[in-house]
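So the structure is just underneath, and the comments pick up after that.
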Ligand SMILES: [Zn+2]
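Residue numbers (the numbering used here): 2 to 270.
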């Protein structure tokens, strides 16, 4: 029934976030861990970063490509939603829904639905509603253009031609989880990234225009050593909750389903 190519085109995990470099901070270690386990991972950035104090959208595109390589991500793309103006409109939901149909992720990682930055919490609702929309059989993509950035050929592998997008069959991810590191909320589970912490940090540091020590925006941006200290403290805190060294925190709305009580991880006393 499906008109799509073989299942290798589908992603196992797709992380959706407002800005390039968000995923590197919220769930990059988890994506790398999945890739190491043979899973096919992807990142959809909703904006291209043109409002950043430091660097241009082109700088950020190059840096995002570098970070994706470090995290062994198979697919990455940035939509053309305006930076600083991520709005949950029907048009934007369609843009994301189209990617969901193209990439058919089993799991979608969204930002948590509360936070300081409006782009972050709006991306959460927008992403959820787009996942719902993508499953509606009669959804009409009409004339909405994807107008994506121009990711490198290697990262486009498996992507369908845009001309055929309106014929993509309805699809909904099986699981939606929320990366919570930007907000003070108790996660429902954490992913052990102890072995991957350094690599994840290198992926973030690939955004040299943002994180290298420099004069532009000096009052707004902490020095690199301070960034590292903060990131390590957060990973360590959530690591403690999981009984390991470093983790990334997530929340699922559903309850956990257990087969064998003796295999439930994380010590109680
Ligand atoms: Zn952000």
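Each residue gets a CB set at the ideal place from its N, CA and C atoms; glycine is no exception.
Going by alpha carbons, who is nearest to residue 53 out of 178, 67, 85 and 138?
85
My guess is that residue 208 and residue 113 are in contact by the Cβ rule of under 8 Å, so how many angstroms apart are they, rounded?
Contact doesn't hold; Cβ gap of about 22 Å is too wide.
How long is the line joining the alpha carbons of residue 17 and residue 100, rounded to whole angstroms?
10 Å
Look at the alpha carbon of residue 223 and the alpha carbon of residue 48, and state the distance between them as a whole number of angstroms.
23 Å
How long is the line joining the alpha carbons of residue 151 and residue 115, rounded to whole angstroms?
Because residue 151 carries a pLDDT of 46, less than 50, the predicted location of this residue cannot be relied on, and the following value inherits that uncertainty. Rounded to the nearest angstrom, the two C-alpha atoms are 30 Å apart.
Ends of the alpha helix (DSSP H) at residue 58?
58 to 71
Quick check: what's the CA-CA separation for residue 5 versus residue 39?
Low confidence applies here, because residue 5 scores a pLDDT of 40, under 50, leaving its location unreliable and the question unanswered by this model.
Helix, strand or coil for residue 207? Go by DSSP, reduced to three states.
coil
Among 139, 141, 138 and 91, whose alpha-carbon lies nearest the alpha-carbon of residue 129?
91
What three-state label does DSSP hand residue 261 in the structure shown?
coil
Just reading off the beta strand (DSSP E) that residue 129 is part of, what are its end residues?
Not the beta strand (DSSP E): residue 129 falls in the alpha helix (DSSP H), residues 119 to 134.
Range of the contiguous alpha helix (DSSP H) that encloses residue 190:
Not the alpha helix (DSSP H): residue 190 falls in the beta strand (DSSP E), residues 190 to 193.
To which residues of the same chain is residue 193 closer than 7 Å at the C-beta, ignoring the five residues directly before and after it?
243, 245 and 248
Below 9 Å between beta carbons: does that hold for residue 65 and residue 97?
no
Taking 9 Å as the cut-off, decide whether the C-beta atoms of residue 20 and residue 60 are in contact.
no
Are residue 71 and residue 200 touching if we call contact CB-CB under 9 Å?
yes
With hydrogens ignored, establish whether the beta-carbon of residue 236 is closer than 8 Å to any heavy atom of ligand 1.
no
Run of the alpha helix (DSSP H) containing residue 239, from where it starts to where it stops:
225 to 243
Does the distance between the C-beta of residue 18 and the nearest non-hydrogen atom of ligand 1 fall short of 8 Å?
yes
Is the separation between the beta-carbon of residue 206 and that of residue 212 shorter than 9 Å?
yes
Whole-angstrom distance between residue 173 and residue 108, CA atom to CA atom
9 Å
Nearest residue (CA-CA) to residue 78, options 219, 250 and 103
103
Going by C-alpha to C-alpha distance, which of 10, 269, 181 and 190 sits closest to residue 121?
181
Quick check: the Cα distance between residue 239 and residue 191, rounded to an integer number of angstroms?
7 Å
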